[in-house]
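Asker: The numbering used here puts the first residue of the sequence shown at 1005, with every later residue one more than the last. Where a beta carbon is used, it is the ideal one built from N, C-alpha and C, also for glycine. So that we are looking at the same thing, I have put the structure below in structure tokens.
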Amino acid sequence: MRAAIFLRTAAVLVGIQSVLHTVGGVFGKPLPGAAETAYAAMKSNHFLVMGQDRSYWMFFIGFGLCMTVSMVMEAVVFWLLASAVAQQGVRLRPIVAVFTVGYTALTILAGMFFFPIPTVWDVLVVGCLFAATVSLKPVRMAAEVRA
């Protein structure tokens, strides 16, 4: 059952991260100065992409919202995996391990291209996912328990 707790903790962390990312990252106001100038440049420069008029601002918002949707889906999957621990046990290990490796890569990228808060947050998620991976146990059948 410890694996379920770790997975639910990861689900809550990722759910909170999705809200903070959306409010602060996607829809947050830029700081005065250079950030405002960069935002203005991203909004004002349009170009054709596969026949569509786009700007870097549109890509910024679009990719930011795609990340939000992905994080919400991940949080739901982690919660559902936690619910399946009692019946599936160690069989969930490959799935949880894939998310552990993926979040490790996201943590490295956050450290390289963003700032400490998302990096530390992702470290916490990786810790929960790793702990869930190693704490998953084989499920004992009801007949084995009675014997």
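Between residue 1137 and residue 1058, what straight-line distance do the alpha-carbon atoms span, to the nearest angstrom?
Answerer: Taking the first residue of the sequence shown as 1, we reach residue 1137 at position 133. Taking the first residue of the sequence shown as 1, we reach residue 1058 at position 54. Their backbone Cα atoms lie some 42 Å apart in a straight line.
Asker: Quick one: what's got a C-beta closer than 7 Å to residue 1051's C-beta in the same chain, skipping five residues either side?
Answerer: As a position in the sequence shown, residue 1051 is number 47, starting the count at 1. Hits under 7 Å: 1058.
Asker: Given that a residue counts as buried once 16 or more other Cβ atoms are within 10 Å of its Cβ, and exposed if not, what is residue 1117?
Answerer: Along the sequence shown, read from residue 1 onward, the residue named residue 1117 stands at position 113. Per the 10 Å Cβ criterion, exposed.
Asker: Taking 8 Å as the cut-off, decide whether the C-beta atoms of residue 1127 and residue 1104 are in contact.
Answerer: Taking the sequence shown and counting its residues from 1, the one referred to as residue 1127 is at position 123. Taking the sequence shown and counting its residues from 1, the one referred to as residue 1104 is at position 100. No, they are not a contact pair.
Asker: Considering only residues of the same chain and omitting the five flanking positions on each side of residue 1088, which have a CB-CB separation below 7 Å?
Answerer: Numbered from its first residue, the sequence shown carries residue 1088 at position 84. Closer than 7 Å at Cβ, skipping near neighbours: 1096.
Asker: Just curious, the beta strand (DSSP E) that residue 1094 is in, first and last residue?
Answerer: Locating residue 1094 in the sequence shown gives position 90, counting from the first residue. Taken as a continuous stretch (DSSP letters only), residue 1094 belongs to no beta strand (DSSP E), as it is neither H nor E.
Asker: Let me know if residue 1010 comes out buried or exposed under the rule of 16 or more other beta-carbons within 10 Å of its beta-carbon.
Answerer: Residue numbering aside, residue 1010 sits at position 6 when the sequence shown is read from its first letter. Classification of residue 1010: buried, given that the 10 Å Cβ count is 16 or more.
Asker: Within this structure, are the beta carbons of residue 1007 and residue 1140 separated by less than 8 Å?
Answerer: Taking the first residue of the sequence shown as position 1, residue 1007 is located at position 3. Taking the first residue of the sequence shown as position 1, residue 1140 is located at position 136. Cβ atoms of residue 1007 and residue 1140: closer than 8 Å.
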